[in-house]
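Written out below as structure tokens is the structure these notes cover.
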Amino acid sequence: IVADKFCEMVTALGKEENKGDDMLDAFVQLLQDPEAEVRTAGANKVAEVARLVGSQLTLRKLVKPCQALATDASQYTRGKTSYVHC
């Protein structure tokens, strides 16, 4: 649920918090969760999160986790990641 609603939570916090490393670190943890369903939900939100945090944080913190998702054991996670174009 957190992965699915992540962008709504970040938006509700306001602009200053949207750019924070802490929020993005929490999102990256969701992308690396042991449960495939959580990783898949996170992968589905990567593009939206990237728009919220900007290009610098995206390049610094999201590219490597996205690359890992592209070779994930779960076919559903890999499928969602292919739409992100990491």
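Its first residue numbered 894, the sequence shown is counted upward by one per residue in the working numbering.
Ideal Cβ placement from N, Cα and C applies to all residues, glycine included.
Option in V921, E928, L945 with minimal Cα separation from V957: The residue asked about is misnamed: residue 957 is Lys in this sequence, not Val. Per the Cα distances, V921.
Neighbourhood of L917 by C-beta, 8 Å cutoff - its chain only, sequence neighbours within 5 removed: V942, V946, L950, K954, L955
V905 to L952 span [Cα, whole Å]: Per the sequence presented here, residue 905 reads as Ala, with Val not at that position. Those two C-alpha atoms are separated by around 24 Å.
Identity of the residue in L924, E930, A929 nearest A940 by Cα: Residue L924 is the option with its Cα nearest to A940.
Backbone CA spacing between A934 and E901 [nearest angstrom]: 14 Å
Chain-order list of residues whose beta-carbon lies under 6 Å from that of A936 (same chain, five-residue window excluded): Here the set comprises L962, T970, K973, T974.
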